[in-house]
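Asks:
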Amino acid sequence: MIFTIVIVRGLDYFLVVNSAVPEIKRRNCFKCGYEGDIAETRCPKCGKPLKTVKQIRILGGILVFLGAFLILFVGAISVFVWSLVNKASTDGHKSFTGTRSDLVLIFGAFAFIILFGVVGLIAGLWQLIFGRRNKILVWVILGLGFIFVIGGILISVFLNR
Ligand SMILES: [Zn+2]
Numbered sequence: 004m005i006f007t008i009v010i011v012r013g014l015d016y017f018l019v020v021n022s023a024v025p026e027i028k029r030r031n032c033f034k035c036g037y038e039g040d041i042a043e044t045r046c047p048k049c050g051k052p053l054k055t056v057k058q059i060r061i062l063g064g065i066l067v068f069l070g071a072f073l074i075l076f077v078g079a080i081s082v083f084v085w086s087l088v089n090k091a092s093t094d095g096h097k098s099f100t101g102t103r104s105d106l107v108l109i110f111g112a113f114a115f116i117i118l119f120g121v122v123g124l125i126a127g128l129w130q131l132i133f134g135r136r137n138k139i140l141v142w143v144i145l146g147l148g149f150i151f152v153i154g155g156i157l158i159s160v161f162l163n164r
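Okay, so the sequence shown: first residue is 4 according to this note's numbering, each after it adds one.
1) Determine, using beta-carbon pairs with one atom in the stretch 46-61 and one in the stretch 127-134, whether at least three such pairs fall under 8 Å.
2) A42 to W129, Cα distance in whole Å?
3) Mind checking N163: buried by the 16 CB within 10 Å criterion, or exposed?
4) Run the CB neighbour count on K28, radius 10 Å, all protein chains shown included, and call it buried at 16 or more, exposed below.
5) Do you know how far the Cα of L145 is from the Cα of G127?
6) Where the beta carbon is closer than 6 Å to any heavy atom of ligand 1, which residues qualify, in chain order?
7) Just to check my reading of the structure: G70 and G120 have Cβ atoms closer than 8 Å, yes? What is that Cβ distance to the nearest angstrom?
8) Report the option in L53, N89, Y37 whose CA atom is closest to the CA atom of T44.
9) Please list, in chain order, all residues of the same chain as V37 whose beta carbon is under 6 Å from its beta carbon, the five residues on each side excluded.
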């Protein structure tokens, strides 16, 4: 419900703004937080490239979509794998031959990806609603991505030993 309202408001915003003044747009700086209705594409305070509110909202929409996709996709895989593991144990025939720590590893990875999707979704919604990026959320996403890559490398090194 809230989701639909946000999308509709976002679209409304685009329709109104697109037909408005061409050059002067509301832009804001991710680095120093500067915000203003100007034509320059670089921040007058710190020189970093500025993004328009519209660009940030479009990116926000993409983030929401990707986040929701990750949550649904990996969520569905988790449920599927979980049902496979449980089915094996009730049949008496064990088709799942892994250990308990394998399960922890598999579902830990799923949970991590879903967490990544949730943070992405929240960051995207933030951008759609407020028209600016949330510094903390962006850093959390980058941090999670970094942990995921490093963790993946460590685990593969550990398993191949
Ligand atoms: Zn700046």
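The beta-carbon is built from N, C-alpha and C at its ideal position, and this holds for glycine as well.
Replies: Inspection of the coordinates gives the following:
1) yes
2) 24 Å
3) Taking all protein chains in view, the Cβ of N163 is surrounded by fewer than 16 other Cβ atoms within 10 Å, so the residue is classified as exposed.
4) For K28, the number of other beta carbons within 10 angstroms of its own is at least 16, and it is reported as buried.
5) 14 Å
6) Taken from the N-terminal end onward, the list reads C32, K34, C35, Y37, C46, K48, C49, K51.
7) 5 Å
8) L53
9) The amino acid at residue 37 is misidentified as Val; the sequence shows Tyr. Excluding residues within five positions, the ones whose Cβ falls inside 6 Å are C46, K48.
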